[in-house]
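For the sequence shown, the tail end lands on 1288 under our numbering, and the numbers increase by one without skipping.
Built from N, CA and C at the ideal position, the CB exists for glycine as well.
Note that the structure is predicted; figures quoted are calculated from it, not measured.
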Amino acid sequence: MVMGSRDKITVPIPHQIVRLTNWKIVTRDTSKRWQAQNTKRRRVDVANTVPHGYNAWDMAEEEDQDLLEAMEFLADA
C-alpha cells in the first residue's frame, strides 16, 4: 500500500531510441506518466517482501520438508 497521495508525474525522456515503421532507427524526445502503484507483495519482515501466494515451503527439497513443517508447527505454538 502506498502511503499518502500523490498525483501522476510526467517524466521527460530526452533521447529515446525508437524504430519507425520503415525500419529506420531514430532518437526523439518523449515523456512518460509515472504514478505510485501497489506492487502486490507482502512484507515478510522489516527488509524483505515476497509476491502474494509465494510459499517458501514448496521451494524446499523433499528431505528438508519434514523439518520445515515441524519448525512451522513450533512457531505457531
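Query                                                                                        : Result
Neighbour flag for residue 1223 against chain D, beta carbons, 9 Å                           : As a matter of chain content, chain D is missing from the structure shown, which is built from one protein chain.
Spatial distance of residue 1250 from residue 1279 (CA atoms)                                : 28 Å
Top-ranked residue by Cα proximity to residue 1225, from 1234, 1219, 1241 and 1233           : 1241
Boundaries of the beta strand (DSSP E) in which residue 1226 is found, first to last residue : 1220 to 1230
C-beta atoms of residue 1254 and residue 1222 nearer than 9 Å                                : no
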